[in-house]
Amino acid sequence: MRKILVTGAAGFIGFHLAKRLLDSGDTVVGIDNLNNYYDVNLKKARLAILKKYENFHFTKMDIANREDMKRFFHTDSPGYVIHLAAQAGVRYSLENPHAYIDSNLVGFTNILEGCRHNKVKHLIFASSSSVYGANTRMPFSIHHNVDHPISLYAATKKANELMAHTYASLYNIPCTGLRFFTVYGPWGRPDMALFLFTKAILEGKPIDVFNHGKMKRDFTYIDDIIEGVVRIIGKVPQPDPRWNGDEPDPGTSFAPYKIYNIGNNNPVQLMKFISLLEECLGKKALKNLLPMQPGDVPATYADVDDLMKDVGFKPKTPLKEGIKKFMEWYKEYHSM
68 MRKILVTGAA GFIGFHLAKR LLDSGDTVVG IDNLNNYYDV NLKKARLAIL
118 KKYENFHFTK MDIANREDMK RFFHTDSPGY VIHLAAQAGV RYSLENPHAY
168 IDSNLVGFTN ILEGCRHNKV KHLIFASSSS VYGANTRMPF SIHHNVDHPI
218 SLYAATKKAN ELMAHTYASL YNIPCTGLRF FTVYGPWGRP DMALFLFTKA
268 ILEGKPIDVF NHGKMKRDFT YIDDIIEGVV RIIGKVPQPD PRWNGDEPDP
318 GTSFAPYKIY NIGNNNPVQL MKFISLLEEC LGKKALKNLL PMQPGDVPAT
368 YADVDDLMKD VGFKPKTPLK EGIKKFMEWY KEYHSM
């Protein structure tokens with residue numbers, strides 16, 4: 068039986084991952100600060116489900132608190148760490164940049180130090196498709212350079228990858244970074260498009276459609292994300308003997324370090340996404356067409372070849388099916 072720390076356990080991805088691991092018989096220790104970035108009641112509802120499991124142990128904690136994190140690692144001694152806690156959101160980083168420094172940089176340093184001093188077997192951490200920033204070559208590949216972020220959120224995620232590589236190199240900590248591409252599904256975040264659009268359409272209110280609907284996103288269903296993460300837990304990275312400092316490959320390393328994209332490998336235009344949503348709801352959306360928002364990118368598209376090659380998995384849930392499952396959950400959760 069594995070003992071796995073899941074940070075951000077009350078969050079969208081953290082909740083689904085913890086539940087999957089608990090169902091598999093693993094012991095999960097979860098931490099979350101339950102901040103009010105979005106509805107705390109939604110986070111508490113997720114936690115209430117997890118707390119029904121005897122093999123789940125939860126501690127309310129802020130990963131940015133150095134002493135608390137040090138004590139936690141010393142006392143709980145997890146064998147594996149899946150770090151999902153972070154200050155999320157591209158647009159919010161324009162309003163409150165310090166929240167991203169505290170959580171995504173200071174907090175991640177505390178995670179790395181905990182892994183360093185407690186012989187963690189594998190650290191898996193959440194990165195983001197946003198690290199591709201100003202890149203326009205599609206599909207986005209882990210073997211492409213990602214040195215031009217266009218939001219502070221993206222910059223902190225790129226920094227996490229660099230920090231993890233440093234610890235993998237210096238202290239031989241196996242580290243795997245996962246670049247998630249537009250995750251959606253039941254129990255999702257209220258600040259994400261699917262949740263926002265659904266709520267507005269049902270209430271007869273207009274939806275904000277940025278870049279006049281020309282955005283493309285690689286929407287990835289939550290179950291596909293979780294399947295990929297679970298498979299990667301046992302795929303502990305090894306130094307790549309082919310890595311060459313004269314022609315450094317950003318996706319691998321001389322250290323025990325690896326990066327993967329987890330996306331649907333099938334970008335969909337925002338207007339198509341909205342039309343599928345309208346079809347599932349049986350109601351038309353009132354669209355407020357707006358220009359591109361600062362920090363946003365026009366398109367995301369994941370190359371998942373490395374994920375397929377290394378763990379034999381490629382996300383496969385069709386968008387229409389995923390939206391339908393979200394609708395069913397949304398109506399049940401809101402007693403509609």
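FYI, in this note's numbering the residues of the sequence shown are 68 to 403.
Positions of the beta carbon are idealized from the N, C-alpha and C atoms, including for glycine.
A straight-line Cα-Cα distance of about 30 Å links Arg113 and Gly379.
Comparing C-alpha distances from Gly252 to each of Lys70, Thr74, Gly78, Leu72 shows the shortest one belongs to Gly78. In this structure, DSSP gives Ser402 a state outside helix and strand, which the three-state scheme calls coil. The criterion of a C-beta distance shorter than 8 Å is satisfied by Thr243 and Ile191. With fewer than 16 other CB atoms across the displayed protein chains lying within 10 angstroms of its CB, Asn103 is exposed.
Tyr167 carries a helical assignment under DSSP once its states are collapsed to helix, strand and coil.
The beta carbons of Pro317 and His210 sit closer together than 8 Å.
Excluding residues up to 5 positions away in sequence, Leu356, Leu357, Pro358 lie with their Cβ nearer than 8 Å to the Cβ of His279 in the same chain.
The segment 81-165 is shown to contain whole beta strand (DSSP E) runs of 3 or more residues at 94-99, 123-127, 147-150, in chain order.
For Ile274, the enclosing beta strand (DSSP E) covers residues 273-276. Judged by beta-carbon spacing, Lys354 lies within the 8 Å limit of Ile274, meaning their Cβ atoms are closer than that value.
Within the segment 250-318, the complete beta strand (DSSP E) segments at least 3 residues long are 273-276, listed from N- to C-terminus.
Each of Val107, Met136, Leu109 was checked against the Cα of Val96, and the nearest Cα belongs to Met136. DSSP lists Val148, Cys242 as the beta-bridge partner residues of Leu190. The beta strand (DSSP E) runs lying completely inside the segment 322-403 and spanning 3 residues or more are 324-329, 353-356, given in chain order. Three or more beta-carbon pairs separated by less than 8 Å are not found between the segment 298-317 and the segment 256-265, which leaves the two stretches without contact. Rounded to the nearest whole angstrom, the C-alpha separation of Arg87 and Ser218 is 32 Å.
The Cβ atoms of Phe286 and Asn332 lie no closer than 8 Å to each other. The alpha-carbon of Ala226 is positioned some 14 Å away from that of Asn212. Rounded to the nearest whole angstrom, the C-alpha separation of Val73 and His184 is 18 Å. C-alpha of Leu172 to C-alpha of Met338: approximately 35 Å in a straight line. Contact annotation: Lys383 and Met375 have beta-carbon atoms that are not nearer than 8 Å. Closest by C-alpha distance to Tyr147, out of Ala155, Met68, Ala131, Phe82, is Met68. Per DSSP, Thr176 is one residue of the alpha helix (DSSP H) stretching across 174-184. When C-alpha distances from Glu294 are compared across Ile98, Ala76, His83, the shortest belongs to His83. Close CB contacts of Arg133 within its chain, under the 7 Å cut and outside five residues either way in sequence, are with Asn177 (chain order).
Looking at Gly255, Val198, Gly301, the one whose alpha-carbon comes closest to that of Asn108 is Gly255. For Thr74, the three-state secondary structure derived from DSSP is strand. Annotation: Met282 to Pro308 spans about 39 Å, alpha carbon to alpha carbon. In this structure, DSSP gives Ser218 a state outside helix and strand, which the three-state scheme calls coil.
Annotation: Lys186 to Arg246 spans about 25 Å, alpha carbon to alpha carbon. The beta-bridge partner set that DSSP reports for Ser195 consists of Phe247.
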